[in-house]
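Engineer:
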Amino acid sequence: MRILSGIQPSGALHIGNYFGMMRPAIALQAEGEAFYFIADYHALTSLRDPAALRENSRRVALDFLACGLDPERAALFRQSDVPQVTELAWILSTLAPMGLLERAHSYKDKLARGMSPTVGLFSYPVLMAADILIYDSDIVPVGKDQKQHIEITRDLAVKINETYGDVFKLPEPRIQPQTEVVPGIDGQKMSKSYGNNIDIFGDENETRKRVMSIVTDSTPVEAPKDAARSTIFQLYSLFASKEEISVMRERFRKGGTGYGEFKKELFEKLWEYFAPMRKRREQILSDKSYIDNVLACVAERANAIANQVMQRVRQAVGLHS
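When we follow the working numbering, the leftmost residue of the sequence shown carries the number 52, and every step to the right adds one.
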């Protein structure tokens, strides 16, 4: 079973990235052949600073490795180190219906948030489809909001297969229901673009400040509180044991504890959770060549598979004999 997932290097990774994509991806490296790419081509739709893109890409690799990705079991590489993916994206785009892309939720959402309607933004799902299909992927772990992209990928693969024969296998999404959406400090989905994020490896004081700024309602300290509707409780549930979650839920129900106290407990639990990863991160940083060596070595493996798939595609569509 081949597993494929990607993450954009749009900035420092936050706990929404960790629980939504990184932790499931790290767990899956024991289940099959895992390919995880740093989506720097995709990042070009929103990031215009070349130095920041390069630095962010290395930082994503660093953070992923620190959080437990094993380069011996899972391939971690930059998307742009496999340029064949852009060739496949063009081939897919020759059969991609405009209506299919116009219905993409992510495109409409980005326009609603003020992004310019560029061709790259519009055809983003086509490049994503190429990312998936070029490695003959079986499973694609995604959040609920990305499920439509896998459906578009399957639609494009079917169109190629109907037109040119049996070229692509059809990938399946795998959604982690318990962490479909990690809330940010304002209660919306955690996102760098919303400014509501809590970074995985942020400074201790800044992290505490972010946690203490979580938006709450005006329920008095002594009154019962609704844990199910609390961002504090939802985030605490990601880090705590079942027993600890049960205890906090009961304290919410009984009243007598203010939101400020719950926020302090959330910070302590969060900071403790990532402590081993912070230590591992410092160890990785002590070897200046480690990250570059990992990315270069793995890129060779990814290219070997992409070349095999592209040879099959080129032959199918008539570019090569």
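Even for Gly, the Cβ is constructed at its ideal location relative to N, Cα and C.
Note down the Cα distance separating Arg-280 from Gly-62, rounded to an integer number of angstroms.
Structural biologist: For Arg-280 and Gly-62, the distance between alpha carbons rounds to 29 Å.
Engineer: Secondary structure at Pro-176, three-state DSSP: helix, strand or coil?
Structural biologist: It is helical.
Engineer: Can you name, in chain order, every residue of its own chain whose Cβ lies under 7 Å from the Cβ of Phe-290, other than the five neighbours on each side?
Structural biologist: Around Phe-290: Lys-320, Leu-321 and Tyr-324.
Engineer: What's the C-alpha gap between Arg-261 and Leu-317?
Structural biologist: Straight-line Cα distance between these residues: approximately 11 Å.
Engineer: Should Lys-220 go down as buried or exposed, given a rule of 16 or more other Cβ atoms within 10 Å for buried?
Structural biologist: Exposed, because fewer than 16 other Cβ atoms sit within 10 Å of the Cβ of Lys-220.
Engineer: Have a look at the DSSP bridge pairing and note the partners of Pro-192.
Structural biologist: Answer is Arg-225, bridged to Pro-192.
Engineer: For Tyr-87, write down the residues that DSSP places opposite it in a beta bridge.
Structural biologist: Per DSSP, Ser-56 and Leu-127.
Engineer: Ordered along the chain, which non-local residues of its own chain (more than five positions away) have a Cβ less than 8 Å from that of Leu-113?
Structural biologist: Cβ within range, chain order: Arg-332, Ile-335, Leu-336 and Ile-342.
Engineer: What is the residue span of the alpha helix (DSSP H) that Gly-311 lies within?
Structural biologist: It spans 310-324 - the alpha helix (DSSP H) in which Gly-311 sits, taken as one unbroken run.
Engineer: So the candidates are Val-232, Ser-108 and Met-263; which of them puts its Cα closest to the Cα of Ile-283?
Structural biologist: Of Val-232, Ser-108 and Met-263, the residue nearest in Cα terms is Met-263.
Engineer: Near Ile-201, what residues of its chain come up, given a Cβ to Cβ distance below 8 Å and the 5 sequence neighbours on each side ignored?
Structural biologist: Ile-183, Val-191, Val-193, Pro-222, Glu-223 and Pro-224.
Engineer: Measuring alpha carbon to alpha carbon, tell me which of Gly-83, Ser-97 and Met-73 ends up nearest Ser-244.
Structural biologist: Cα-wise, what sits closest to Ser-244 is Ser-97.
Engineer: Helix, strand or coil: which one does DSSP assign to His-93?
Structural biologist: DSSP places His-93 in helix when its eight states are reduced to three.
Engineer: For the putative contact between Leu-55 and Ile-251, defined by C-beta atoms under 8 Å, what is the C-beta separation to the nearest angstrom?
Structural biologist: So it is not a contact: roughly 22 Å between Cβ atoms.
Engineer: Mind checking which residues open and close the alpha helix (DSSP H) that includes Ser-288?
Structural biologist: Counting along the chain, the alpha helix (DSSP H) containing Ser-288 begins and ends at 282-290.
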